[in-house]
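Residue numbers (the UniProt record's numbering): 1 to 274.
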Amino acid sequence: MAGEDGQSHALYHCRVFHARYRPFRHAFNYRVWSLLLDIDRLHDLPKPLTHNRPGLLSIQDSDHGQRDGSPLRPWVERMLAEKGVHLEGGRILLFCFPRVLGYAFNPLSVYYGFGPDGALRGVVYEVKNTFGDQHCYVIPIPAHVPGVLLDHAHAKEFHVSPFFDLEGGYRFRLSLPGDRIGIDIRYGDEQGELLVATQTGERHPLTTSSLWAAVARHPLVTLKVIAGIHWEALKLWRKGARFHRRPEPPVRLKPLAERPTRSISTTGQTMVEP
């Protein structure tokens, strides 16, 4: 079974790191676990993980994409097609947290879209904030050399942290998921870097035993994520971080102001704003 042998799905034990540099330094790191899932094989998951059914651990289509419970593949294909990327039935992998005891919060979910030849053709970064808003950054990948990192940048379009405004932009460095996974997000403005956020992890097969081991190690991982966000926000507020009111979220994706995606040979990592 694909869910048992880890060929279609995987579990990653990860370390998350955030560092804020201005107007004062604030940094933290913690450990989590995340899932890498083939969205065409969500029917084939090891217990206690379920798809669109209640359970200790579950993946719900309503937590992602349209957020109305509709299937994820048509949505991902449409998002990529709007940027001129066509997967032609190729595989789509989703990197995310599951629901735990019915609760999920994914600050960042990443969709990797491949062509039928196995080459990466596009990436969708699905970003959520604690106000319940969601926005996606869609990145076409015109040519990718296997084994090297992707490096792309775009303007910030979505309010994530109340302690940053909408000025500036992001730089993403992304590795393809393999024995290790890495996403490195750097947020800055004309004066330089404001934030570095990374998540790096080591791959394990997604099996019943590996899921129970992950739950035993970090039993309430999604609650840990949301509690950590609010705890670090409180510490930032006490340090005097300036509060920015939440603007209206974007209705749909705006045109990206971006550098072309390119490959780099340095080590990468991932995250989102505190």
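All C-beta atoms, glycine included, are put in the ideal place defined by N, C-alpha and C.
Predicted, not measured: the structure shown is a model, and the values here were computed from it.
Candidates the options: which alpha carbon is nearest residue i's?
i      : options                        : result
Leu206 : His18, Asp133, Leu57           : Leu57
Leu108 : Ala119, His86, Gly90, Gly132   : Gly132
Leu176 : Phe24, Val85, Pro98, Arg121    : Arg121
Phe24  : Thr198, Leu194, Gly169, Ala214 : Leu194
His86  : Ile141, Lys128, Phe105, Gly65  : Ile141
Val110 : Pro116, Arg99, Ile139          : Ile139
His18  : Tyr12, Asn29, Lys128           : Asn29
Lys224 : Ser210, Ala10, Phe97, Gly65    : Phe97
Tyr187 : Glu202, Ser210, Glu157, Arg180 : Glu157
Leu94  : Arg203, Val76, His13           : Val76
Ile226 : Arg203, Gly178, Thr130, Glu202 : Thr130
Pro54  : His204, Tyr103, Asp44, His13   : Tyr103
Leu80  : Pro48, Glu126, Leu101, Asn106  : Glu126
In terms of residue numbering, what span does the beta strand (DSSP E) encompassing residue i cover?
i      : result
Arg15  : 10-20
Ser34  : 26-38
Thr198 : 192-205
Leu57  : 57-59
Arg217 : First-last for Arg217: 208-217, but that is the alpha helix (DSSP H), not the beta strand (DSSP E).
Leu49  : 49-51
Arg91  : That residue, Arg91, is in no beta strand (DSSP E); it is neither H nor E in DSSP.
Gly182 : 180-189
Arg41  : Note, Arg41: premise wrong, no beta strand (DSSP E); not H, not E.
Gly169 : 169-174
For residue i, which residues from the same chain have a beta carbon less than 7 Å from its beta carbon, with the 5 sequence-adjacent residues on both sides left out?
i      : result
Leu42  : His51, Ile59
His144 : Ala119, Leu120, Leu150, Ser263
Arg22  : Leu194
Determine the extent of the alpha helix (DSSP H) in which residue i is found, giving its start and end residues.
i     : result
Leu80 : 72-81
Give me the Cβ distance between residue i and residue j, rounded to the nearest whole Å; I'm assuming they're in contact under 8 Å.
i      : j      : result
Arg73  : Asp40  : 7 Å
Asp38  : Arg91  : 6 Å
Ser210 : Leu11  : 5 Å
Pro71  : Gly89  : The pair is not a contact, with the Cβ atoms about 14 Å apart (cut-off 8 Å).
Trp33  : His13  : 5 Å
Thr208 : Phe105 : Wrong, their Cβ atoms sit about 25 Å apart, outside the cutoff.
Report all residues from its chain with a CB closer than 6 Å to the CB of residue i; omit the five preceding and five following residues, and keep chain order.
i      : result
Phe172 : His152, Ile185
Arg20  : His26, Leu195
Ala213 : none
Arg31  : Arg15
Lys254 : Only weak support exists for where Lys254 lies, its pLDDT of 37 falling under 50; the value from the coordinates is given anyway. Closer than 6 Å at Cβ, skipping near neighbours: Glu157.
Leaving aside the five residues before and after residue i along the sequence, list all residues of the same chain whose C-beta is less than 8 Å from its C-beta, in chain order.
i      : result
Gly178 : Arg203
Inset, instruction - List in chain order: all unbroken beta strand (DSSP E) runs of 3+ residues lying wholly within the segment 97-156. - result: Secondary structure remark: continuous beta strand (DSSP E) runs of at least 3 residues inside the segment 97-156, in chain order: 108-114, 120-128, 134-140, 149-155.
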